[in-house]
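One structure below.
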Amino acid sequence: MTRTYAFDPLPQPVVEPGEFTFAAVGLDHGHIYGMTEGLLGAGATLSQVFDPDPAKVAAFVERFPQAQVAASEQEVLDDPDVRLVASASIASDRAQLGIRVLDAGKDFFADKPAITTLDDLEAARAAVERARGIFAVYYAERLQSEAAILAGQLIDQGAIGTVVQVASFGPHRIGTGRPDWFYDPAQYGGILCDIGSHNFEQMLHYTGATDGEIVSSTVANYAHGETPGLQDFGDAHVVLDNGATGYVRVDWFTPDGLDAFGDGRTLLLGTEGYIELRKYTDITTGNGGNQVLLVDGDGQFRFDATGKTGYPYFGQLIRDCLDRTETAMTQAHAFKAAELSIAAQQNARVLAG
């Protein structure tokens, strides 16, 4: 008999209006919009926004007119009603901002890469311990992808047995209008630390591992000599502490003919089957993204995850902040993904550029 699968109920708001208030500080990356929308969808209340660039603030307020413009970061930190500060500031600035937020008695929600150096990682760990706070990280390629969430539910139901390898591919399109810091590895962290952080997090999550070793990693600037600080390619091979392995390849080579920013895919190999995620597009078809392909002992299956899972992470994070729990993501997991991405970046062999 062919096995059937059931999926979790769609998430609902977890708080009433005004019960959980957050602010946005640092608007350098557009991910702040997805972070804000996710929190609002889970019932949170947006109170303030601050960035030193008035144009960024104006664009944010146009999208979220309920946000009051703060005169300074300190004004946000001094507001007793703000429980959480969300930030997509310049990557290299995020850890120190998070430490200031934690020391002000609030929780912190950072875009990835939340941390770009091992020194900042140790300082963030110390701040979490000192303040007993939460330093959450927006690993959006799993947390805000219904295909990725549905795959996790399938794995939890035993669809492919024990996961023994995660191979993930994160191509992106550079586009136009990128800020100067995007081309400075000291500020963006390098390609494996930046884009690759998504993939190291997925390796840990889908395999259930808690640690890992970078066996090899490489980076290159193959085709962007006009911006020597940019790394347009990176990959890494990882052995995890439970015997599973991971591979990641990230790049900035998405061609103009693709109908998405990148053909992000993840392959999950299990002892009893495998899953392929076609997250953002399913090339040459009209299927769109959010495609989950499963092969098990009974046959071959395709699920369109669109509208099936929602994004439960945001409500779980809000409840964690209120209840002092770790249901959305453990702190150890968030920091370990950052640590692996930094290690892969720092030890990478430079192939070109």
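Under this note's numbering, think of the first position of the sequence shown as 3, with each following residue one higher.
Where a beta carbon is used, it is the ideal one built from N, C-alpha and C, also for glycine.
In this text, all values refer to a predicted model and were calculated from it rather than measured experimentally.
When you compare the CB positions of A222 and L353, do they come within less than 8 angstroms of one another, or not? Cβ atoms of A222 and L353: closer than 8 angstroms.
Does DSSP put P173 in a helix, a strand or coil? DSSP places P173 in the strand class (E or B) of the three-state scheme.
For the beta strand (DSSP E) containing T47, list its first residue and its last residue. T47 to F52 is the span of the beta strand (DSSP E), which, as asked, contains T47.
Sequence-distant residues of its chain with Cβ nearer than 6 angstroms to F62 (five each side left out): Closer than 6 angstroms at the Cβ level, and outside the excluded window around F62, lie L29 and V51.
Determine the burial state of I216: buried for a count of at least 16 other Cβ atoms within 10 Å of its Cβ, exposed for fewer. Buried, by the Cβ-count rule.
Among residues of its own chain, excluding the 5 on either side of G36, which ones have a beta-carbon nearer than 8 angstroms to its beta-carbon? Cβ within range, chain order: Y140, A142 and Q146.
What's the call for P173, buried or exposed, on a 16-neighbour Cβ count within 10 Å? Buried, by the Cβ-count rule.
Does L12 pass the burial test, meaning 16 or more other C-beta atoms within 10 Å, or should it be called exposed? It is exposed - the Cβ of L12 has fewer than 16 other Cβ atoms within 10 Å.
Decide if the stretch 304–317 is in contact with the stretch 171–189; the criterion is three or more beta carbon pairs, one per stretch, under 8 angstroms apart. No contact exists between the stretch 304–317 and the stretch 171–189.
List the DSSP bridge partners of Q167. Q167 is bridged to T247 and L271.
Rounded to whole angstroms, how far is the Cβ of V27 from the Cβ of E75, which I believe are closer than 8 angstroms? Contact flag correct, Cβ pair sits at about 6 angstroms.
Nearest-angstrom Cα separation, counted from D234 out to A188: Spanning the two alpha carbons is a distance of roughly 15 angstroms.
Let me check understanding here. Comparing Cα to Cα, which of I162, R127, D55 and G100 lies closest to Q302? Closest in C-alpha terms to Q302, from the list I162, R127, D55 and G100, comes I162.
Use the C-beta contact count for G20: other C-beta atoms within 10 angstroms, 16 or more gives buried, fewer gives exposed. Around the CB of G20, fewer than 16 other CB atoms lie within 10 Å, so the residue is classed as exposed.
Closest by C-alpha distance to V240, when choosing among P230, A126, I320 and N201: Comparing Cα-Cα distances from V240 to each of P230, A126, I320 and N201, the minimum goes to N201.
L145: first and last residue of the uninterrupted alpha helix (DSSP H) it sits in: Note, L145: alpha helix (DSSP H), A142 to L145.
Minimum C-alpha distance to A97 - residue among I193, E124 and P82: Checking every option, the nearest Cα to that of A97 belongs to E124.
Sequence-distant residues of the same chain with beta carbon closer than 7 angstroms to T38, five excluded per side: If the five residues before and after T38 are omitted, its C-beta is found closer than 7 angstroms to the C-beta atoms of A26, L48, F66 and A88, all from its own chain and listed in chain order.
Helix, strand or coil at Y313 [DSSP, three-state]: The three-state reading of DSSP puts Y313 in coil, since its state is none of H, G, I, E or B.
Could you please give me the residues that DSSP links to S219 through a beta bridge? DSSP, once it has assigned bridges, lists A238 as partnering S219.
Which of helix, strand or coil DSSP assigns to F255: Correct three-state label for F255: coil.
Sequence-distant residues of its chain with Cβ nearer than 7 angstroms to Q318 (five each side left out): Within the same chain, Q318 has close Cβ partners T329 and A330.
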